[in-house]
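Residue numbers (the numbering used here): 185 to 662. Here is the structure we will look at, set down as structure tokens.
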Ligand SMILES: C[S@@+](CC[C@H](N)C(=O)[O-])C[C@H]1O[C@@H](n2cnc3c(N)ncnc32)[C@H](O)[C@@H]1O
């Protein structure tokens, strides 16, 4: 019989649900191991949950490493929720990413006849992100070692942190000096902003998720991967013009002319989402541009843009290949963000209707079409939960032959999937950053026998993490 806190030795056989590792003990019972184990490792793990058919344990010690194990480069590895796979070589990361998509399609979507293609690798394994969203918290996350230090002996304040939340710990953040997925400029900005905010602690207290008072919420940095343009966006509760000007001078001193715009977004929302209700442009144009293929896109602070510029072009070319567009096709680009997929598709079809919820993204999309003299794209602001509005616009624009849909992680609202089934385009290209959502929505598309899944291509947009993007093609069965 097993007991809580018991240490067991186990060989990791596979990756399980929620990034847990999976193994079997000698008596055949399944064990899920949380923490930094890798497939192929033999580890010691401490049991903390005992169920009838399985155990859940925490990784404590490496007994024999997997041949795919490597040394993580980041000193926050294992604490920070960002890069969970830095301890595996890239070949293994790609294998597991493909497997996650294949498993979700089989186990969640009940697709038994589909063979996912090998995951397309990213060209850069570190420093690839064009956007970083750092959080301020008034509770610094402490490592187990730091917890034993007297409060007065800590090198850093306990009530200030600027960095990332530790997994499952939203009130606290790890105070980061450096992130290996960020660019050098982003790390300079992080440290310059931290120093400024610590100097102005009285005037700029940190927003507290407990009392809902305070100012500092998020520091968001964006850097055009192909243009180098650089935006700093400080998200606060209210706007303080003098202090923002002062911070701007510090940023200019640290970054020189690499800083191209600085904005201050304010929000009264009682959450930690880095989304401004009001924007104050302190320096520069208030947006950056980035280039993908033949197109240059305007990107505002609140607009979505693929976070890995170098790999976004691979993704979009894959979407085009999967869509198999004809010059007569009417295309819908659902969840279109700044219109980047729509513009890529515009030269290969008759016309594109882009649909998006966020106003600044719709404005950016219109501006992006205008700056390239693209006249066959129309962009509308619609909440895709509301199927009635899609129908109304469809009557004006014409029904689509091909729909490209790229929803957020949670996937599509079931009502929107139902609407797609009623619209019945010849092909649906589903782009997804969450294999489980793709599998669930895909099953709904296919369950009445009107569509079949014919192709699924995983693409790695996020090396070192357990995230994977996929492009899937569903075809109408006539
Ligand atoms: C994964 S992003 C895709 C953006 C775009 N296709 C691209 O490649 O840059 C998802 C987009 O869906 C938008 N969105 C989220 N919920 C929405 C909704 N209910 N209705 C319409 N758009 C929504 C977000 O603002 C975001 O721009």
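All C-beta atoms in this analysis are idealised placements derived from N, C-alpha and C, irrespective of residue type, glycine included.
| request: Pick helix, strand or coil for residue 484, following the three-state DSSP scheme. | output: Residue 484: strand per DSSP, three-state reduction.
| request: Kindly examine ligand 1 and report whether one of its heavy atoms sits closer than 6 Å to the Cβ of residue 568. | output: Indeed, a heavy atom of ligand 1 lies less than 6 Å from the Cβ.
| said: Checking 7 Å against the spacing of the C-beta atoms, do residue 381 and residue 642 come in under that value? | reply: Contact annotation: residue 381 and residue 642 have beta-carbon atoms that are not nearer than 7 Å.
| Does the region 451-468 touch the region 506-525, meaning 3 or more C-beta pairs lie closer than 8 Å? | Three or more beta-carbon pairs separated by less than 8 Å are not found between the region 506-525 and the region 451-468, which leaves the two stretches without contact.
| Counting only runs that start and end within the region 329-361, where is the beta strand (DSSP E) found for 3 or more residues in a row? | Counting only runs of 3+ residues, the beta strand (DSSP E) found wholly inside the region 329-361 occupies 345-350, 353-359, in chain order.
| task | Excluding the 5 residues preceding and the 5 following residue 609 in the sequence, name in chain order all residues of the same chain whose CB lies nearer than 6 Å to its CB. | result | Non-local beta-carbon contacts of residue 609 in its own chain, meaning distances under 6 Å to residues more than five positions away in sequence, involve 584, 585, 586, 587 in chain order.
| Element boundaries [beta strand (DSSP E), containing residue 255] | Counting along the chain, residue 255 falls outside any beta strand (DSSP E), and DSSP gives it neither H nor E.
| message | Measuring CB atoms only, is the region 242-254 touching the region 339-348, in the sense that at least three cross pairs come out at less than 8 Å? | response | In this structure the region 242-254 does not lie against the region 339-348, because fewer than three pairs of beta carbons, one per stretch, are closer than 8 Å.
| query | The alpha helix (DSSP H) spanning residue 377 covers which residue range? | reply | Segment 368-383, the alpha helix (DSSP H) holding residue 377.
| query | In three-state DSSP terms, what is residue 646? | reply | Of the three classes helix, strand and coil, the one that applies to residue 646 here is coil, per DSSP.
| said: Let me make sure I understand the geometry here. Which of 528, 301, 386 has the alpha-carbon closest to that of residue 322? | reply: Looking at 528, 301, 386, the one whose alpha-carbon comes closest to that of residue 322 is 386.
| request: List the residues that DSSP assigns as beta-bridge partners of residue 538. | output: Per DSSP, 517, 563.
| message | Closest to residue 313 by C-alpha separation, out of 474, 402, 432, 660, would be which residue? | response | The candidate whose alpha carbon is nearest that of residue 313 is 474.
| With 16 as the cutoff for other CB atoms within 10 Å, does residue 271 come out buried or exposed? | When all chains shown are included, residue 271 counts as buried.
| field | Start-end ranges of the beta strand (DSSP E) lying completely within the region 216-297, minimum 3 residues | value | Fully enclosed beta strand (DSSP E) runs of no fewer than 3 residues occupy 226-234, 238-248 of the region 216-297, in order along the chain.
| task | Please specify which runs of the beta strand (DSSP E), each continuous and at least 3 residues long, are wholly inside the region 430-483, giving them in chain order. | result | As far as the region 430-483 is concerned, its whole beta strand (DSSP E) runs of at least 3 residues are 445-450, 462-467, 471-476.
| said: Please state the DSSP three-state secondary structure of residue 304. | reply: Strand.
| field | Every unbroken beta strand (DSSP E) inside the region 593-637 [3 residues or more] | value | Listed in chain order, the complete beta strand (DSSP E) runs (minimum 3 residues) inside the region 593-637 are 611-616.
| request: Might you give, ordered along the chain, the residues of its own chain that have their beta carbon closer than 7 Å to the beta carbon of residue 545, omitting 5 neighbours on each side? | output: Here the set comprises 487, 488, 521, 522.
| message | Can you determine whether any heavy atom of ligand 1 sits closer than 6 Å to the C-beta of residue 304, and answer yes or no? | response | False, no ligand heavy atom lies under 6 Å from that Cβ.
| field | Beta-carbon spacing of residue 370, residue 316 below 7 Å | value | Yes.
| query | Thinking C-alpha only, which one of 524, 519, 516, 507 is nearest residue 497? | reply | Of the candidates 524, 519, 516, 507, the residue whose Cα lies closest to the Cα of residue 497 is 524.
| Host alpha helix (DSSP H) of residue 502 (start-end) | Element bounds for residue 502: 493-507.
| task | Determine contact between the region 386-406 and the region 290-304, defined as no fewer than three beta-carbon pairs at a distance below 8 Å. | result | Contact fails: fewer than three Cβ-Cβ distances are below 8 Å.
| How do the region 622-636 and the region 550-562 stand: do at least 3 beta-carbon pairs fall below 8 Å, yes or no? | The region 622-636 is not in contact with the region 550-562.
| request: Determine the contact status of residue 324 and residue 359, defining contact as a CB-CB distance below 7 Å. | output: Going by C-beta atoms, residue 324 is nearer than 7 Å to residue 359.
| Contact under 7 Å by Cβ, residue 500 with residue 528 | Against a cut-off of 7 Å, the Cβ pair of residue 528 and residue 500 comes out as a contact.
| task | Using a threshold of 7 Å, state whether the C-beta atoms of residue 239 and residue 186 are closer than that. | result | With respect to residue 186, residue 239 sits close: the two C-beta atoms are nearer than 7 Å.
| said: Tell me which residues share the same chain as residue 532 and place their Cβ nearer than 6 Å to its Cβ, disregarding the 5 neighbours each side in the sequence. | reply: Hits under 6 Å: 509.
| query | Just the Cα atoms here: how many angstroms apart are residue 595 and residue 432? | reply | In this structure, the CA atom of residue 595 is about 38 Å from the CA atom of residue 432.
| Is the closest heavy atom of ligand 1 to the C-beta of residue 521 under 6 Å? | Flag set: Cβ of residue 521 near ligand 1.
| task | Output the distance between the C-alpha atoms of residue 506 and residue 658, rounded to the nearest integer angstrom. | result | Distance between the alpha carbons of residue 506 and residue 658: 10 Å.
| task | Closer than 7 Å by C-beta to residue 282: which residues in its own chain qualify, once you throw out the five before and the five after it? Chain order, please. | result | Correct list, in chain order: 300, 302, 303, 642.
| query | Given residue 560, which residues of its chain have a CB within under 6 Å of its CB, disregarding the five upstream and five downstream residues? | reply | Sequence-distant Cβ neighbours of residue 560 in its own chain, meaning closer than 6 Å and more than five residues away, are 530, 535.
| field | Under the three-state DSSP convention, the category residue 546 falls into | value | Helix at residue 546.
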